[in-house]
Amino acid sequence: EAGVAQSPRYKIIEKRQSVAFWCNPISGHATLYWYQQILGQGPKLLIQFQNNGVVDDSQLPKDRFSAERLKGVDSTLKIQPAKLEDSAVYLCASSFTLGRQGAAEAFFGQGTRLTVV
Amino acid sequence: SQKIEQNSEALNIQEGKTATLTCNYTNYSPAYLQWYRQDPGRGPVFLLLIRENEKEKRKERLKVTFDTTLKQSLFHITASQPADSATYLCALEAVGYSSASKIIFGSGTRLSIRP
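Chains as they are written, first to last, in our numbering: chain A, 292 to 408; chain B, 7 to 121.
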């Protein structure tokens with residue numbers, strides 16, 4: 292099966308500019324996640340969708356970050372305006388289902404490496 | 007506060023030995039715990055999942071244990087090979103504010119196997 296697709300692979304922007312990342316999850320996966328991974332750290336969950344609804348965005352800096360999942364399939368994550376500390380790899384992942392009983396592995400894309408200068 | 011701690015940032019062992027990685031957590035009650043492998047420039051790849059009512063799970067040279075009393079999981083790679091060199095991430099299930107489950111990651115342990 293095709294994996295999780297992300298684009299772009301790399302992006303360099305100046306601070307205060309805006310940027311958008313795109314993710315196409317594995318077909319049929321209801322749960323989609325965006326994680327931020329700073330160099331040397333583990334992935335930090337930013338937002339989680341179940342179909343096209345948000346189920347957790349407690350760690351999303353909502354003053355500058357936004358995300359949507361159109362028709363419960365593709366998703367975009369936007370940063371506006373970017374700060375230097377947003378430099379990180381942004382990982383998209385999807386899973387078939389998620390719940391206390393319906394545990395499922397998450398499949399990750401290769402990520403988008405963002406550098407803010 | 008809630009924490010997930012992995013034993014060390016880096017672990018160096020000799021080829022053929024068993025590598026043991028530790029994941030400790032506080033103020034979580036996960037229904038299950040997962041281990042992922044991450045290579046440089048790539049996204050994490052799922053390895054194993056263990057549920058709260060399971061003590062141990064094996065897959066080929068990998069073994070995971072889960073002790074909910076100690077709030078700890080151990081990840082073992084037996085007969086380690088240089089190809090096992092990577093960062094290993096512990097991830098546990100947590101219940102978010104909407105009562106939905108989410109996956110929270112530790113900071114990872116970078117494992118190096120020397121020939």
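Every residue, glycine too, gets a C-beta built ideally from N, C-alpha and C.
Residue pairing for Thr-322/A: DSSP places it in a beta bridge opposite Gln-341/A and Ser-386/A. Measuring C-alpha to C-alpha distances from Tyr-38/B to each of Asn-18/B, Ile-56/B, Asp-45/B and Thr-32/B identifies Ile-56/B as the nearest. In this structure, the CA atom of Val-101/B is about 16 Å from the CA atom of Ala-397/A. Taking 8 Å as the threshold, the shortest C-beta distance from Val-407/A to chain B does not fall below it.
In the displayed model, Glu-359/A falls within a strand according to three-state DSSP.
Chain A places no beta carbon closer than 8 Å to that of Ser-35/B, leaving this residue out of the contacts.
Boundaries of the beta strand (DSSP E) around Ala-25/B: 25 to 32.
The alpha helix (DSSP H) runs of length 4 or more contained entirely in the region 25 to 95 of chain B do not exist; there are none. Closest by C-alpha distance to Val-295/A, out of Gln-308/A, Ile-317/A and Val-310/A, is Ile-317/A. Of the residues Gln-8/B, Ile-19/B, Ile-10/B and Glu-11/B, the one whose Cα lies closest to the Cα of Leu-117/B is Ile-19/B.
As a beta-bridge residue in DSSP terms, Lys-108/B pairs with Ala-100/B. In chain A, no part has a C-beta under 9 Å from the C-beta of Tyr-31/B; the shortest such distance is about 13 Å. In this structure, DSSP gives Leu-351/A a state outside helix and strand, which the three-state scheme calls coil. For Asn-342/A, the closest alpha carbon among the candidates Val-364/A, Arg-404/A, Phe-399/A and Gln-297/A is that of Val-364/A. By the Cβ-count criterion, Ala-358/A is buried, with 16 or more other Cβ atoms from all chains shown falling within 10 Å of its own Cβ.
Arg-48/B reaches chain A at Phe-399, Gln-401 and Gly-402, counting residues in chain order whose Cβ is nearer than 9 Å.
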